[in-house]
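Residue numbers (UniProt numbering), protein chains in the order written: chain A, 1 to 209; chain B, 1 to 209. Heads up, the thing below is written out as structure tokens.
Protein chains: 2
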Amino acid sequence: MNKKNKSTKQKEMSFIEKARRAQIVKCAIETIAEVGYAQASLGQIAKRANISKGVISYHFANKEELLEQIPIEYYLAWQAYITPRIEAQKSPKEKLQVYIEANLAFIDENRQHVFAVIETVSNKRTDDGKLQFAADHDEAILLPIESILTQGIQEGVFREFTKSSARVMALTIRSAIDGFTLELTRNPHLDVQEYTRELVTIFDKSTKK
Amino acid sequence: MNKKNKSTKQKEMSFIEKARRAQIVKCAIETIAEVGYAQASLGQIAKRANISKGVISYHFANKEELLEQIPIEYYLAWQAYITPRIEAQKSPKEKLQVYIEANLAFIDENRQHVFAVIETVSNKRTDDGKLQFAADHDEAILLPIESILTQGIQEGVFREFTKSSARVMALTIRSAIDGFTLELTRNPHLDVQEYTRELVTIFDKSTKK
DNA sequence: GATTTTTTTGTACATTCGTACTAAAATAAA
DNA sequence: TTTATTTTAGTACGAATGTACAAAAAAATC
């Protein structure tokens with residue numbers, strides 16, 4: 001089988017192969033979320049899946065291709081969840097509120113996957129030592145916030161921002177959501193509803209005129 | 001030499017030994033900041049320090065003892081920098097502003113060390129897979145924010161908070177500062193002054209009545 | 001100046017990991 | 001049923017790493 005085709009022409013993947021790959025990715029997510037990026041070896045992942053290490057090598061070109069799936073799948077699911085919910089709102093204020101609510105709900109419902117993404121994105125590096133995903137990942141995730149802010153500024157419902165102060169605002173909202181995720185790892189019994197309510201309040205107050 | 005004494009009775013450390021340890025820690029910080037936690041081997045660190053790998057083993061019981069110094073030293077320097085600046089302010093509003101300003105300035109002036117701390121704290125795990133530093137590190141760093149908030153609430157200059165909504169506020173302020181650090185890794189030419197001004201504005205608006 | 005202690009170098013070893021590879025097993029095709 | 005293909009298990013190998021260790025070098029002490 002041509003490994004290259006696997007990542008590019010997914011139509012050629014059989015049902016059983018997709019299932020195996022999905023199972024392996026799922027176990028990789030669980031393993032990374034539990035023991036961390038550095039300790040998540042192919043052996044560990046195979047063990048959790050009750051398969052031989054060789055099976056992973058058969059279905060994925062290498063460890064890198066496997067780990068890449070984690071943020072890729074997450075981002076697709078995240079976008080599918082968030083985008084329609086924002087678009088269902090008219091006013092920027094409501095959009096911002098829904099953005100926060102939807103993100104926290106999504107994170108809450110996909111804890112392991114989020115933890116694994118954080119581990120992967122913040123550790124996976126290219127050969128020259130630079131973080132591989134950090135840049136595009138964060139920019140892509142920042143975009144919807146920035147467009148909500150832009151809309152709100154234009155409509156005059158948000159206070160005035162310069163281009164770069166709007167960016168700080170967007171980064172801060174994003175950081176607050178990431179901070180929620182980290183707090184969730186430390187305190188799994190967190191009251192998510194209350195946290196959500198308070199975040200919405202904070203950023204409503206900090207964006208309004 | 002009794003290695004245990006090194007970490008407990010520092011009085012017995014000679015000048016030359018303290019200098020060596022400081023040099024090695026400095027190189028460990030540089031290495032981790034540059035290539036990341038996972039790639040920062042003792043060999044890499046020794047190479048950067050132009051010493052043999054064995055020297056590190058001689059001055060530190062093991063890799064763990066070396067890596068521990070990074071957050072420990074950072075936290076001490078952070079506290080020495082931040083605390084007096086906050087205490088010099090009277091009102092909670094000014095304290096919060098100075099807290100943000102001082103943190104961003106300190107991070108800006110100690111970029112490599114901060115990056116290394118983030119790498120270490122978010123990767124170093126105990127044998128059972130749990131993050132080693134995350135808990136105490138974050139709690140300790142959260143304390144001053146929470147006490148500023150408490151004071152501001154009591155004095156009536158901040159809006160009303162429940163105990164847990166005040167905690168969300170504190171976590172969000174902390175997350176915003178961490179987010180600034182991450183943005184600094186991605187964009188080293190960031191306008192720190194402007195970022196600082198905007199963060200102060202955001203959290204002034206979100207805490208006031 | 002001789003001796004002891006401290007410090008450094010360099011090597012060796014055990015372990016872990018990703019990957020390659022072979023043979024067996026399972027499944028599909030004929 | 002026989003043959004071909006796909007999938008799996010298990011092993012082996014090279015590379016990298018933390019640690020231990022022995023011998024040399026440097027510094028301190030007498």
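Using N, Cα and C, we set each Cβ at its ideal position, and we do this for glycine too. The model shown is predicted, which means the values in this text are computed figures rather than measured ones.
The Cβ atoms of B/Ala46 and B/Ile32 lie no closer than 8 Å to each other. Under DSSP, the beta-bridge partners assigned to A/Leu131 are A/Arg125.
When DSSP assignments are scanned along the region 146 to 190 of chain A, the uninterrupted stretches of alpha helix (DSSP H) that are 4 or more residues long and fall wholly within it turn out to be 163 to 186.
Close partners of B/Lys205 in chain A (Cβ separation under 7 Å): Lys205, Ser206. Scanning B/Pro92, B/Leu66, B/Lys53 for the CA closest to the CA of B/Val117 turns up B/Leu66. Considering only B/Lys209, B/His189, B/Thr181, the residue with the shortest C-alpha distance to B/Leu199 is B/Thr181. Under the Cβ distance rule, A/Glu146 does not count among the residues neighbouring chain B, no pair being separated by less than 8 Å.
When DSSP states are grouped into helix, strand and coil, A/Lys63 belongs to the helix group. Here A/His59 is buried, its C-beta having at least 16 other C-beta atoms within 10 Å.
The DSSP-derived three-state label of A/Lys95 is helix. In the structure shown, the three-state DSSP call for A/Lys26 is helix.
Contact annotation: A/Leu184 and A/Ile107 have beta-carbon atoms nearer than 8 Å.
Sequence-distant Cβ neighbours of A/Ile86 in its own chain, meaning closer than 8 Å and more than five residues away, are Lys95, Val98, Tyr99, Ala102, Pro144, Ile148. Interface criterion met: the Cβ of A/Arg186 is under 8 Å from a Cβ in chain B. Counting along the chain, A/Ala49 sits inside the alpha helix (DSSP H) bounded by residues 42 to 49. Any Cβ of chain A closer than 8 Å to the Cβ of B/Gly156 would place that residue at the interface, and such an atom is absent.
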